[in-house]
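Trainee: Mind the numbering: the sequence shown is residues 54 to 289 in the working numbering, read in order. Note that CB positions come from ideal geometry on N, CA and C, so glycine has one too. Since the model is a prediction, treat every value here as computed from it, not as a measurement.
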Amino acid sequence: MEEFIRNLFKKYDILLNDDQVNMFITYLKELKEANEKFNITAITDDEEIIIKHFLDSALLGKHFDLSKVETVIDVGTGGGFPGMPLKICYPHLKITLVDSLNKRVNFLNELISKLGLKDIEAIHARSEELGQNEDFREHYDLATSRAVAYLNTLSEYCIPFVKNGGYFIPLKKDDLDEELEVSTKAVETLGGEIEKVEKYKLDEIDMNHSLVFIKKVKLTDKKYPRNNKQISSKPL
């Protein structure tokens, strides 16, 4: 498995040292064990987890210059995606993982401790509430998410965390034209601007993905994010 991980990441120009490879192996083991106790991921095959979760998360760093980024928030992180793989591959990042399920948060904090990682923590919170907390609001250089919510809804959960001049970059599926059209007004209302969409392909699983680059161009109005019921029933 060590060589599979090393060679797979190398194919996409991500060079891992021995410590990083071992972290991913431990991550894989702990994820599968935790997944037997409570639901984290529907993917259970080792190689699929490495490709679809670990590699796909880390590829954000091949499309965006993370050397200029210090603080990152991963909203709706689930099993730690994309935040944990980003931390393993780019250790300088200071990362906050947010999830509303306490079992997943406990799993992630135990994993962080087991891997000996610093400047990363998992927080049990609803993102719409955390986004109104002054300690987190407009505090991050980069917000990201692999959550399946529509972009207009996801933007309200995530853009309030981003500093003026920072970015919100969600990882989305390939077919985005309609979603972008519907979501442009919401992004602008929240202080963002859609700069571009970058598409990439994972050859191993014949899957196309997209990264939406949303730059924060002005501060978010304090009335956003609204509560979950309002966001769900009346999306921007």
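Let me know the secondary structure DSSP gives H177 once reduced to three states.
Mentor: Translated into positions along the sequence shown, residue 177 becomes position 124. Looking at H177 - three-state DSSP - the assignment turns out to be strand.
Trainee: Let me know the secondary structure DSSP gives I141 once reduced to three states.
Mentor: What you label residue 141 is simply residue 88 of the sequence shown in a count that begins at 1. In this structure, I141 counts as helix in the three-state DSSP scheme.
Trainee: According to DSSP, simplified to helix, strand and coil, what is L168?
Mentor: Within the sequence shown, numbered from 1, the residue matching residue 168 stands at position 115. Note: L168 maps to helix in three-state DSSP.
Trainee: Going by alpha carbons, who is nearest to T206 out of Q283, L195 and I176?
Mentor: Looking up residue 206 in the sequence shown gives position 153. Answer by Cα proximity: Q283.
Trainee: For the beta strand (DSSP E) holding T273, just list the boundary residues, first then last.
Mentor: Walking along the sequence shown from the start, residue 273 turns up at place 220. Per DSSP, T273 belongs to no beta strand (DSSP E) and is neither H nor E.
Trainee: Would DSSP call N75 helix, strand or coil?
Mentor: Looking up residue 75 in the sequence shown gives position 22. In this structure, N75 counts as helix in the three-state DSSP scheme.
Trainee: Excluding sequence positions up to five away, which residues of its chain have a Cβ less than 8 Å from the Cβ of F77?
Mentor: Numbered from its first residue, the sequence shown carries residue 77 at position 24. Result list for F77: I58, L69, I103, F107, P138 and I141, in chain order.
Trainee: Mark T273 as exposed unless 16 or more other C-beta atoms lie within 10 angstroms of its C-beta, in which case mark it buried.
Mentor: On the sequence shown, position 220 is the one that residue 273 refers to. Buried, since its Cβ has 16 or more Cβ neighbours within 10 Å.
Trainee: From K254 to N280, what does the alpha carbon distance come to, in whole angstroms?
Mentor: Within the sequence shown, numbered from 1, the residue matching residue 254 stands at position 201. Within the sequence shown, numbered from 1, the residue matching residue 280 stands at position 227. Cα to Cα, the separation comes out at about 36 Å.
Trainee: Whose CA, out of D71, E100, H145 and L150, lies closest to the CA of A175?
Mentor: Taking the first residue of the sequence shown as 1, we reach residue 175 at position 122. Of the listed residues, the one whose Cα sits closest to A175 is L150.
Trainee: In chain order, what residues of the same chain have a beta carbon less than 7 Å from the beta carbon of Y143, not counting five sequence neighbours either side?
Mentor: Position 90 of the sequence shown, counted from the start, is the residue given in the question as residue 143. Closer than 7 Å at Cβ, skipping near neighbours: G114 and L119.
Trainee: Which term fits V201, buried or exposed, when burial requires 16 or more other beta carbons within 10 angstroms of its beta carbon?
Mentor: For the purposes of this step, residue 201 is taken as residue 148 along the sequence shown, with counting starting at 1. That one is exposed.
Trainee: Which two residues bound the contiguous beta strand (DSSP E) that contains G219?
Mentor: Counting from one through the sequence shown, the residue named residue 219 turns up at place 166. Residues V215 to K226.
Trainee: So K249 packs on F221, CB below 8 Å; how close in whole Å?
Mentor: Numbered from 1 along the sequence shown, position 196 holds the residue referred to as residue 249. Numbered from 1 along the sequence shown, position 168 holds the residue referred to as residue 221. Contact flag wrong, Cβ pair sits at about 13 Å.
Trainee: So is E55 buried or exposed if we call it buried at 16+ other beta carbons inside 10 Å?
Mentor: Translated into positions along the sequence shown, residue 55 becomes position 2. Per the 10 Å Cβ criterion, exposed.
Trainee: Whole-angstrom Cβ separation of P288 and T197, contact assumed at under 8 Å?
Mentor: Counting from 1 along the sequence shown, the entry for residue 288 is found at position 235. Counting from 1 along the sequence shown, the entry for residue 197 is found at position 144. That belief does not hold up - the Cβ atoms of P288 and T197 are roughly 20 Å apart, past 8 Å.
Trainee: Closest by CA to K64, which one among L112, I96, A87 and I247?
Mentor: Within the sequence shown, the letter at position 11 stands for residue 64. Checking every option, the nearest Cα to that of K64 belongs to L112.
Trainee: For L243 versus Y277, is the C-beta spacing smaller than 8 Å?
Mentor: The count along the sequence shown starts at 1 and reaches residue 243 at position 190. The count along the sequence shown starts at 1 and reaches residue 277 at position 224. Yes, these two residues count as a Cβ contact at 8 Å.
Trainee: If you drop the 5 nearest sequence neighbours on each side, which residues of the same chain put their C-beta closer than 6 Å to that of A239?
Mentor: Looking up residue 239 in the sequence shown gives position 186. Excluding positions up to five away in sequence, the list reads N205, S208 and L289.
Trainee: Could you check which residue in E187, N217 and A178 has the C-alpha nearest to that of L195?
Mentor: The residue given as residue 195 occupies position 142 in the sequence shown. If we check each option's Cα against that of L195, N217 comes out closest.
Trainee: Tell me, please, whether the region 175–192 touches the region 153–160 by the rule of three or more beta-carbon pairs shorter than 8 Å.
Mentor: Because the criterion of three Cβ pairs below 8 Å is met, the region 175–192 and the region 153–160 touch.
Trainee: Could you tell me which residues DSSP pairs with I267 in its beta bridges?
Mentor: Position 214 of the sequence shown, counting from 1, holds the residue named residue 267. Looking at the DSSP assignment, I267 forms a beta bridge with F221 and I247.
Trainee: Cutting at 6 Å between CB atoms, please list the residues of its own chain near S263, excluding the five before and the five after it.
Mentor: In the sequence shown, the residue the question calls residue 263 occupies position 210. So the list reads K225, D227, L229, V250 and K252, once near-sequence residues are dropped.
Trainee: Looking at the unbroken alpha helix (DSSP H) that takes in L113, where does it start and where does it end?
Mentor: Position 60 of the sequence shown, counted from the start, is the residue given in the question as residue 113. Residues L113 to H116.
Trainee: First and last residue of the alpha helix (DSSP H) that includes I148?
Mentor: Here residue 148 is taken as the residue at index 95 of the sequence shown, counted from 1. Looking at the DSSP string, I148 is not in any alpha helix (DSSP H); the run it does join, the beta strand (DSSP E), is K147 to D152.
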